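According to mature numbering (1 follows the signal peptide of the UniProt record, and there is no 0), the residues represented by the sequence shown are -21 to -1, 1 to 403, in order.
Just so it is clear, CB atoms sit at the ideal spot from N, CA and C, and this is done for glycine as well.
Nothing here was measured: the structure is a model prediction, and the numbers come from that model.
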Amino acid sequence: MKIKKILCIAMSIITAGALFAGCGKSEGNSSGSKSGKVTLVYGLWDKNQEPVMQDIAKKFTEKNPNIEVKVQITPYKQYWTKLETEAQGENLPDVFWMNGPNIIKYADASLLLPIDDKIKESDIKVDNYPKALVDLYNVGGKQYGIPKDWDTTAVWYNKEIFDNAKVPYPKSDWTWNDMRETAKKLTDKSKGIYGIAAAQDDQQGYYNTIPQAGGFIISEDKKKSGFDQPGAVEGIQCWIDLIKDGSSPTGEQMLENTPQDLFASGKVAMVFQGSWMVPQFMKNDAIKDKIDIAPMPKIKKNSAVIHGLSNVIYSKSKNPKEAWEFVKYLSGSEANEIIAKSGVVIPAYKPSLEIFLKSYANINLKAYTDAVEYSVMYPVSKNTSKWTTIQDENLKKVWANQMTAEEATKKIGEEMNKLLQEEK
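Right, dumping it as structure tokens:
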């Protein structure tokens, strides 16, 4: 799921303590009955995954007749606001989706149940999940979630446009310069076709290229910005160069028509997209037989930002034992096989990856799954949205040709460092 869309509304300027202060106790979402049957509420936001999650919940209840799971869908634009309201009323779902930008906030507010001891007592092996994601949901030395799925970025390309221009398809070991030259060859202004869409995008863009250029977004200890460090300028400038080459629509043009829409309409030959776009592109009859996927080209080294969701348990759930049983099931082979076969997302459970790769056997899904080997963690801190707002405001000016990459990264770094100091 695209993090930027969620993050815009997920964090407020209110501190975690004030935000989650109790406003009167409620009965909570889970319920029990005299018969001993328990109903758990499972909160999530992706409508595309609802059928899969309903199927998993049904199969879980078949194995655990005393536990019923109510799948609660909230559109992502309202999801975090709704959780904040429910937190104030001590009425959060028993189990719900968590993402990287919010995990520290919710953990520090004591809203999540630590599961270290539960994992040790179970047959769950954390080695079966990408380490970067396991670490993402570890706050202050405590594990709060087991990864549910993950996503990386790769390059989608239109084979028909390549064929018409007599340009070879991308190779698995291509470089950024290779891609830049390819984009020039594919651009045909007389037909309104651009070689690539170089959009202002963090997760699908410069969060990958800055590490590729030898830089970083935020230090591992969350105390220092990487925007004012070597690598940041190059990791931003490489996108601007594509626009200057005329190989990409301008920033203004991409505000009017998204890169996804331009690619789907055959106006762009290549586009960087997250793995969550697989179902959308492959259900598009106009392009599904003309497209394929290549790994991201490298600048100095291969690097791909990885993010994924995690299932977490509300610390005040009335039925924590049953909630854990459900999380265990969600984390196991049976549930992940269902997820993998759907092809909607990449399951975090590594043994299910081969099943996922077969969900759309005619495209190179390995471009996504192989990227985990050189992945870097999605950058987060206690108040992620504060510095991403500064990041977005300044980089918007770079894409509008109102500021240089060097000027913007320096300013972002200075202001971001001040905010990170305040988080201590």
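* Continuous alpha helix (DSSP H) stretch holding Thr348: start and end -> Counting from one through the sequence shown, the residue named residue 348 turns up at place 369. Per DSSP, Thr348 belongs to the alpha helix (DSSP H) from Lys345 to Thr348.
* Cut-off 7 Å between Cβ atoms - residues of its own chain near Lys389, not counting five sequence neighbours on either side -> The residue you call residue 389 lines up with position 410 of the sequence shown. Closer than 7 Å at Cβ, skipping near neighbours: Asp207.
* Relative to the alpha-carbon of Val257, which residue among Ala384, Ile278 and Val134 has its alpha-carbon at the smallest distance? -> Along the sequence shown, one-based indexing puts residue 257 at 278. Here the closest residue by C-alpha is Val134.
* To do: Please confirm whether Ala192 and Gly210 have their CB atoms less than 8 Å apart.
  => Within the sequence shown, residue 192 is the residue found at index 213, counting from 1. Within the sequence shown, residue 210 is the residue found at index 231, counting from 1. Yes, these two residues count as a Cβ contact at 8 Å.
* Own chain partners of Val146 with C-beta closer than 7 Å, once the 5 adjacent residues on each side are dropped -> Residue numbering aside, residue 146 sits at position 167 when the sequence shown is read from its first letter. Taken in chain order, the residues that qualify are Thr161, Lys164 and Leu165.
* Report yes if the C-beta distance between Gly245 and Gln183 is below 8 Å; otherwise report no. => The residue you call residue 245 lines up with position 266 of the sequence shown. The residue you call residue 183 lines up with position 204 of the sequence shown. No, the pair does not count as a contact, with Cβ atoms beyond the cut-off.
* What residues are listed by DSSP as bridge partners for Gly22? -> Translated into the one-based positions of the sequence shown, residue 22 becomes position 43. For Gly22, which the question treats as bridged, DSSP gives the partners Gln51 and Phe75.
* **Which listed residue (Ser331, Val306 and Gly230) has its alpha carbon closest to that of Ile317** => The residue labelled residue 317 in the question sits at position 338 within the sequence shown. Nearest of Ser331, Val306 and Gly230 to Ile317, Cα basis: Ser331.
* Asked: With 16 other CB atoms within 10 Å as the buried threshold, where does Thr132 fall?
  -> Numbered from its first residue, the sequence shown carries residue 132 at position 153. Burial call: buried.
* Within this structure, are the beta carbons of Leu19 and Glu301 separated by less than 8 Å? -> What you label residue 19 is simply residue 40 of the sequence shown in a count that begins at 1. What you label residue 301 is simply residue 322 of the sequence shown in a count that begins at 1. Closer than 8 Å, so yes.
* Cβ neighbours of Lys4 in the same chain (closer than 6 Å, five flanking residues each side left out) -> As a working note, residue 4 is residue 25 in the sequence shown. Note that Lys4 has pLDDT 38, beneath the 50 cutoff, so the model's placement of it is unreliable and the number below is only indicative. Result list for Lys4: Glu69, in chain order.
* To do: Output the distance between the C-alpha atoms of Tyr357 and Gly124, rounded to the nearest integer angstrom.
  => Working through the sequence shown from its first residue, we reach residue 357 at position 378. Working through the sequence shown from its first residue, we reach residue 124 at position 145. Taking the straight line joining both Cα atoms gives about 16 Å.
* Asked: Taking the C-alpha atoms as reference points, what is the distance between Gly230 and Asp371?
  -> Working through the sequence shown from its first residue, we reach residue 230 at position 251. Working through the sequence shown from its first residue, we reach residue 371 at position 392. Cα-Cα distance, rounded: 13 Å.
* **Ala387 versus Asn396, Asn236 and Leu374, residue with shortest Cα-Cα distance** => Taking the first residue of the sequence shown as position 1, residue 387 is located at position 408. That would be Leu374, whose Cα lies nearest to the Cα of Ala387.
* Runs of alpha helix (DSSP H) wholly within the segment 168 to 193 (minimum 4 residues, chain order) -> 186 to 191
* To do: On a CA-only basis, which of Ile175, Trp153, Tyr293 and Val212 is nearest Gly22? Give me that one, please.
  => Numbered from its first residue, the sequence shown carries residue 22 at position 43. Among Ile175, Trp153, Tyr293 and Val212, the Cα nearest to that of Gly22 is on Tyr293.
* Asked: Quick one: what's got a C-beta closer than 6 Å to Thr363's C-beta in the same chain, skipping five residues either side?
  -> For this step, residue 363 is matched to residue 384 along the sequence shown. Contacts found: Pro80.
* Could you please give the first and the last residue of the uninterrupted alpha helix (DSSP H) stretch that includes Asp34? => For the purposes of this step, residue 34 is taken as residue 55 along the sequence shown, with counting starting at 1. Start and end: Glu29 to Lys42.
* **In DSSP terms, what Ile125 is bridged to** => Position 146 of the sequence shown, counted from the first residue, corresponds to residue 125. DSSP, once it has assigned bridges, lists Asn290 as partnering Ile125.
* Report yes or no: do three or more beta-carbon pairs, one from the segment 228 to 242 and one from the segment 115 to 123, lie closer than 8 Å? => no
* Between the beta-carbon of Gly311 and the beta-carbon of Trp129, is there less than 8 Å? -> Position 332 of the sequence shown, counted from the start, is the residue given in the question as residue 311. Position 150 of the sequence shown, counted from the start, is the residue given in the question as residue 129. Cβ distance not < 8 Å, so Gly311 and Trp129 don't count as in contact.
* Asked: Would Ile197 pass as a contact of Gly214 if the rule is Cβ separation under 8 Å?
  -> Counted from its first residue, the sequence shown places residue 197 at position 218. Counted from its first residue, the sequence shown places residue 214 at position 235. Taking 8 Å as the Cβ cut-off, Ile197 and Gly214 do not qualify as a contacting pair.
* Asked: What are the start and end residues of the alpha helix (DSSP H) that includes Val359?
  -> As a position in the sequence shown, residue 359 is number 380, starting the count at 1. Taken as a continuous stretch (DSSP letters only), Val359 belongs to no alpha helix (DSSP H), as it is neither H nor E.
* To do: Flag this pair as yes or no: are the beta carbons of Met158 and Pro326 separated by less than 8 Å?
  => As a position in the sequence shown, residue 158 is number 179, starting the count at 1. As a position in the sequence shown, residue 326 is number 347, starting the count at 1. No, Cβ-Cβ distance for Met158 and Pro326 is not below 8 Å.
* CB contact flag (Ile270, Asn137, <8 Å) -> To locate residue 270, count along the sequence shown from 1; it is residue 291. To locate residue 137, count along the sequence shown from 1; it is residue 158. Yes. Within cutoff.
* Indicate the three-state DSSP secondary structure (helix, strand or coil) for Gln252 in the structure shown. => Numbered from its first residue, the sequence shown carries residue 252 at position 273. In this structure, Gln252 counts as strand in the three-state DSSP scheme.
* To do: Following the continuous beta strand (DSSP E) through Trp135, name the residue where it begins and the one where it ends.
  => Position 156 of the sequence shown holds residue 135. Where Trp135 is concerned, the enclosing beta strand (DSSP E) stretches over Thr132 to Asn137.
* **Candidates Ser321, Lys84 and Ala379: closest to residue 410 by CA position** => Because the chain here runs from -21 to 403, residue 410 falls outside it and cannot be looked at.
* Which two residues bound the contiguous alpha helix (DSSP H) that contains Ala211? -> Here residue 211 refers to the residue found at position 232 of the sequence shown. Ala211 -> alpha helix (DSSP H) spans Ala211 to Lys223.
* Is the CB-CB distance between Val118 and Ile94 below 8 Å? -> Translated into positions along the sequence shown, residue 118 becomes position 139. Translated into positions along the sequence shown, residue 94 becomes position 115. Going by C-beta atoms, Val118 is not nearer than 8 Å to Ile94.
* Would you check if the distance between the CB atom of Val306 and the CB atom of Leu91 is smaller than 8 Å? => Numbered from its first residue, the sequence shown carries residue 306 at position 327. Numbered from its first residue, the sequence shown carries residue 91 at position 112. Cβ atoms of Val306 and Leu91: not closer than 8 Å.
* Asked: How many angstroms separate the CA atom of Val31 from the CA atom of Ile52?
  -> The residue labelled residue 31 in the question sits at position 52 within the sequence shown. The residue labelled residue 52 in the question sits at position 73 within the sequence shown. Spanning the two alpha carbons is a distance of roughly 12 Å.
* Note down, in chain order, each residue of its chain lying with its Cβ closer than 7 Å to the Cβ of Asn187, except the 5 sequence neighbours on either side. => For the purposes of this step, residue 187 is identified with residue 208 of the sequence shown, where counting begins at 1. Excluding residues within five positions, the ones whose Cβ falls inside 7 Å are Thr132, Met275, Ser282, Ala283 and Val284.
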